[in-house]
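Asks: UniProt numbering numbers the first residue of the sequence shown as 1 and each following residue consecutively.
Beta carbons are placed, not taken as given, at the ideal position from N, Cα and C, and that holds for glycine.
Below are the structure tokens for one structure; questions will follow.
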Amino acid sequence: QAIWLVSGAGDAGTGSPSGNSMMSRNIYHNKNQDSSISISKMDVIIPFSPDVPCDNNGQRMWWAFLASSMVTFFGGLFIILLWRTLKYLWTVCCHCNTKKKEAQKVNNPANSQAADGTPKGPDEKDEVVPASEVGWMTSVKDWAGVMISAQTLTGRVLVVLVFALSIGALGIYFIDSSDPIESCQNFYKDFTLQIDMFFNVFFLLYFGLRFIAANDKLWFWLEVNSVVDFFTVPPVFVSVYLNRSWLGLRFLRALRLIQFSEILQFLNILKTSNSIKLVNLCSIFISTWLTAAGFIHLVENSGDPWENFQNSQSLSYWECVYLLMVTMSTVGYGDVYAKTTLGRLFMVFFILGGLAMFASYVPEIIELIGNRKKYGGSYSAVNGRKHIVVCGHITLESVSNFLKDFLHKDRDDVNVEIVFLHNISPNLELEALFKRHFTQVEFYQGSVLNPHDLARVKIESADACLILANKYCPDPDAEDASNIMRVISIKNYSPKIRIITQMLQYHNKAHLLNIPSWNWKEGDDAICLAELKAGFIAQSCLAQGLSTMLANLFSMRSFIEIEEDTWQKYYLEGVANEMYTEYLSSAFVGLSFPAVCELCYVKLKLLLIAIENKSELGESSILINPGNHVKMQEGTLGFFIASDAKEVKRAFFYCKACHDDITDPKRIKKCGCKRREYIEDEHPSTLSPKKKQRNGGMRNSPNNSPKMMRHDPLLIPGNEQMENMDMNVKQYDSTGMFHWCPSKEIEKVILTRSEASMTVLSGHVVVCIFGDVTSALVGLRNLVMPLRASNFHYHELKPIVFVGSLEYLRREWETLHNFPKVSILPGTPLSRADLRAVNINLCDMCVILSANQNNIDDASLQDKECILASLNIKSMQFDDSIGLLQANSQGFTPPGMDRSSPDSSPVHGLVRQASVTTGANIPIITELAKPGKILPLVSFSQEKNCGINIQMITELVNDSNVQFLDQDDDDDPDTELYLTQPFACGTAFAVSVLDSLMSATYFNDNILTLIRTLVTGGATPELEALLAEENALRGGYSTPQTLANRDRCRVAQLALYDGPFADLGDGGCYGDLFCKALKTYNMLCFGIYRLRDAHLATPSQCTKRYVITNPPYEFELVPTDLIFCLMQFDHNAGQSRASLSHSSHSSHSSSKKSSSVHSIPTTNRQNRSSKAREAGHKQK
């Protein structure tokens, strides 16, 4: 059994051996003494066992433990200071002797000469190098420095081991804190004491290494880790010697927790500044808290020395931890408090620092924890499921538009997970959107410019990376630069990743070509919004409403069924169509394209518009309505217009043996014929994973399809290539895709208002552009290029007149000076005088654009200039008699007047044609002619006496502003853009509709090639590379190769009120028209441009039209319909400027163009005029 030794507080405090012995004798030998007196002098109970050799007198030895630490600390400090003092004195003395020697050398120059009398050279110095500088001490110091540094593996292991052992020693302290402050311990039997001894021996060795490696011994001696070692290591050795243990200052080991963040950084666990700061704050707070609790635990359980240790209280260590927390937080419940004077004095000073630390550290810790990235994890790839990474401009609008199109139900099951990466956390609305699509969408916070974040989203295994651009940014060039940097970062991390990026400015696409790993042949694509927007608008100048039709085709729209017989019913039926690709069945092998196209439309209810053709060299090109000379090959990829992807599968499953007698296309499904297996093995997927080699849709050889038979008696016979007879004249650019002329100075194309008024313009395109010196360039070249495509003959080119700021147009002119028939009227589109000067009432199309980036908060004001210009034009009134008199004075003779009249002499070499009203509500298209040439035939059109009848297309930035364009529509302000009347009529275009191209390009990159070929007039990657080099088109001589590039399809509009299809225009079926046009003229029809009120039984004066895409076979036609068609290039149309074939490219003049395009005799003009009137009255 243990014997309890009780020592007198007073004698123990004085440390007197006699006092201690007397007290022991009084307690143990004088049993008659009053026990209450002895108990009152008790200060501590020291347990010991008889088998443990301990001081039987009960003497306390805490001072010995403390003295060992103090002697070590101050003794070492004294030695270091003494060494420094001696070293300083020695240095001073040596310095004085050195100065004396140098003075003697100056006075005795003979010492500077060698033994042979020659002076020493500058390099021959007296080498007096002390051996100690390169001796073993330096080597040992370097070795110690390497051992304790974290730069090497050994150093990192040692640092981590020391920290782990320090935490282990702190754990032993927690265990021993439940025992009395001082007790007798047998080292050989106490396991915790042995472990603690082993730890401290290791600490001692590590202390020696640190001491050797330290450059400044004094500062090393005073640093925190050294002080911790002084007050924890020596007492362990004293406890072994005295066979007793004193809890003492072992709690100082808690200060090692401050190094916790450094250890985690060595282990590469902490990498971000926030995580390092959080761990630092927590470790400092916890280490200070535990250390202070250890001190309170020591003094409260020991008592004050000057009070003979009689005022002690029994507190556990964890009660002291609790006391310090309530003290720091200023709560102070009062259930536990300090009784000793030392404890209270410590609390006074600690509460000052502790409160400050608590008030500053705790809120910062909570803030760091609260601000930790909620989306900072890593993406875990799922086996068998692809994922794409979407980055760039991530907002609620851009993400919702993208997801709505990407995850549309009309696509096949989209087994693709979408990973969004953005450096800003989503707001609540965007977060809710992600949660609604949580099965297929994940969001991670980070930047694609950071390789660590790219690794988090597994960019190297992603199927593609899509970069969205901010279409509404005030600085488009800066936005493009940001996206180009994103491409560079991604390509640098993973060169083979497929990237689809949006670009705002066309000239910035050239920078992508500088990236070595950028390869459009492997699937990389840049969707230039300015290029496509301008291309869509340009095509609307050639075929009104085409921009709406194409935008709806590559956008995924759900079918909305309307029972009422309104224009919206037919429009929405067409909106439900999209563009898909599918490999053609082997049943089509050997058939010509028109035959396959007719079979697909009639039997499969599919519209085939193009195919992918593979040349003998293995190169692929997209052929749009190629003609009879192209035969289907095995595995040919077709481009279809259909309502969903499942319908397109019919072209893949079709088998002549099994499905020839089936009338219901829904029953055409996969059959058991072996011929199906080849296609499935060869082409397992309808999605092209990599972009095939292509040349932008142009054919590698001239089209040998039969020419359309022409019977117009006004055609002048001659060589088929009459206009190209001079091979030394540069009429086209070097690629043969566009008309070209030598560069002109801008002063030569500038028209004053009076010159424009004298030049009677008609059949032209007026481009109203808002911009100034500071405006971003919109890229007018992309608007002009489709209007100058080489598949138009020169006389078919519509003159283009720009109305706007001359300062802005000067900046754009560098890219326009090689295009013919371009003029500039300096002014403002809001000036009616400028608009009248360019005869806006006689133009084929008025385009309203704005280059001003209105960086304003109110979205409705972003399009204020375009809206004001549009309303201004619509409210203008025109007196047709004024135009007639003006035309007469310019050399024009109205029908029925004598052409020999002297008043008909031409002025300025420009003449205009008559404006004769017909009942068909079809506007005029005319051209400019030179004197002495055959005048074009008079066309029939409606008088444009009101600005509302002027055909125009307005570019909008904000979709919701479309409600202000038409004052007579009933569109709800919240209606989606594609459902509004101006968009359905083709009079409004917003760049937001191009967002759908991102997902369309991902699922099938050939779709982008097809769209680009249709709207840009034939721009190819080779042409883009050329523009990147010179920023201008380069002229080229007419060669058979370049002339062959003219032989490509173009979009036109066909009128039904007259011509070869007039019999179908009155109640005929659209399917009959489709087949007749395809068989007879190789014309591929794909839509209708119909008057808005054509379905009404009552007459209507409204001239607005809307788009119907891919009507069914049974769809009934009306005489006023205009048919969208893909027309073959007509070589014979260039034989005479009297040809009216050019009129087939205007939505206004499409009614009359059938007379020339389709070779209708022009013998009886009055009869045709009467027929047109009858058709118009019938509609009314």
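Work out the CA separation of Y794 and V1157 for me, nearest whole Å.
Replies: For V1157, the predicted model reports a pLDDT of 34, less than 50, meaning its position is unreliable; a value from the coordinates is still stated below. Their backbone Cα atoms lie some 16 angstroms apart in a straight line.
Asks: Start and end of the beta strand (DSSP E) containing P826?
Replies: V822 to P826
Asks: State the CB to CB distance for the pair Q585 and F653, rounded to an integer number of angstroms; the pair is presumed to be in contact (CB under 8 angstroms).
Replies: The sequence shown places Ser at residue 585, rather than the Gln named in the question. With a Cβ gap of about 7 angstroms, S585 and F653 count as contacting.
Asks: According to DSSP, is C1049 part of a helix, a strand, or is it coil?
Replies: coil
Asks: According to DSSP, simplified to helix, strand and coil, what is K471?
Replies: coil
Asks: Which parts of the segment 747-775 are runs of the beta strand (DSSP E), unbroken and 3 residues or longer, counting only runs that do not cross its ends?
Replies: 765-770
Asks: Kindly list the residues whose CB is nearer than 7 angstroms to the CB of A651, restricted to its own chain and excluding five residues on each side of it in sequence; keep chain order.
Replies: E582, L584, S585, C600, L604, L606, G638 and F640
Asks: Could you tell me how far apart the beta carbons of N1045 and S790 are, in whole angstroms, since I believe they sit closer than 8 angstroms?
Replies: Indeed, because the Cβ distance is near 7 angstroms, the residues count as touching under 8 angstroms.
Asks: Drop a sphere of 10 angstroms on the beta-carbon of K691, count the other beta-carbons inside from all chains shown, and report buried for 16 or more, exposed for fewer.
Replies: Summary for K691: the model assigns pLDDT 40, below 50, so the residue's position carries little reliability; its value from the coordinates is reported in the next sentence. When all chains shown are included, K691 counts as buried.
Asks: CB-CB under 8 angstroms to L787, same chain, minus the five flanking residues each way: which ones, in chain order?
Replies: A538, C541, L542, V765, L797, K798, I800 and G1017
Asks: State the beta-bridge partners of residue 1250 as determined by DSSP.
Replies: The structure shown does not extend to residue 1250, since the chain spans only 1 to 1180, so no value can be given for it.
Asks: Hey, how far is the Cα of R811 from the Cα of D772?
Replies: 10 angstroms
Asks: From V336 to Q194, what does the alpha carbon distance come to, in whole angstroms?
Replies: 34 angstroms
Asks: Please state whether DSSP places S558 in a helix, a strand or coil.
Replies: coil
Asks: For D229, name the three-state secondary structure that DSSP assigns.
Replies: helix
Asks: V822 and V729 look like a contact to me (Cβ under 8 angstroms); what is the Cβ gap, rounded to whole Å?
Replies: Contact flag wrong, Cβ pair sits at about 19 angstroms.
Asks: Which two residues bound the contiguous alpha helix (DSSP H) that contains I950?
Replies: For I950, no alpha helix (DSSP H) run applies, since DSSP gives it neither H nor E.
Asks: Using the beta-carbon count (16 or more within 10 Å), is L997 buried or exposed?
Replies: buried
Asks: At a cut-off of 7 angstroms, would you count L529 as near the ligand MG, judging by its Cβ distance to the nearest heavy atom?
Replies: This structure simply doesn't include the ligand MG, nor any ligand for that matter.
Asks: Can you name, in chain order, every residue of its own chain whose Cβ lies under 7 angstroms from the Cβ of R557, other than the five neighbours on each side?
Replies: V575, A576 and Y978
Asks: With a threshold of 16 other CB atoms inside 10 Å of the CB of I925, please say whether the residue is buried or exposed.
Replies: In this prediction, I925 has a pLDDT of 30, which is less than 50 and means its spatial position is unreliable; what the coordinates show is noted afterwards. By the neighbour-count rule (16 or more Cβ atoms within 10 Å), I925 is buried.
Asks: Let me know if K471 comes out buried or exposed under the rule of 16 or more other beta-carbons within 10 Å of its beta-carbon.
Replies: buried
Asks: Could you work out which residue in A990, V993 and R1105 is closest to N949 when comparing CA atoms only?
Replies: Of the residues A990, V993 and R1105, the one whose Cα lies closest to the Cα of N949 is R1105.
Asks: With DSSP run on the structure shown, which of helix, strand or coil describes A984?
Replies: helix
Asks: Less than 8 angstroms between the beta carbons of I276 and L267, yes or no?
Replies: no
Asks: Kindly identify the DSSP beta-bridge partner or partners of V803.
Replies: According to DSSP, which records beta bridges pairwise, V803 is partnered with C768 and L825.
Asks: Quickly, what does DSSP pair T581 with across the bridge? List them, please.
Replies: In the DSSP output, where bridge partners are listed per residue, T581 has F639.
Asks: Rounding to the nearest angstrom, what Cα-Cα distance links N841 and T395 in this structure?
Replies: Cα to Cα, N841 sits roughly 42 angstroms from T395.
Asks: Would M467 pass as a contact of G523 if the rule is Cβ separation under 8 angstroms?
Replies: This sequence places Ile at residue 467; Met is not what is there. Against a cut-off of 8 angstroms, the Cβ pair of G523 and I467 comes out as no contact.
Asks: Hey, quick one: how far does the alpha helix (DSSP H) through Y601 stretch, first residue to last?
Replies: F593 to V602
Asks: Among T341, V224 and L66, which has the Cα closest to the Cα of S287?
Replies: Nearest Cα to S287 within the set T341, V224 and L66: V224.
Asks: Does Q259 pass the burial test, meaning 16 or more other C-beta atoms within 10 Å, or should it be called exposed?
Replies: buried
Asks: Tell me, please, which residues DSSP counts as bridged to T1109.
Replies: G1087
Asks: Which residue's Cα is closest to the Cα of T774: E397, V159, L546 and P474?
Replies: Nearest C-alpha to T774: P474.
Asks: Apply the 10 Å Cβ neighbour rule to A169 and answer buried if 16 or more other Cβ atoms are within range, or exposed otherwise.
Replies: Looking at its Cβ environment, which holds 16 or more other Cβ atoms inside 10 Å, A169 is buried.
Asks: According to DSSP, is S283 helix, strand or coil?
Replies: helix
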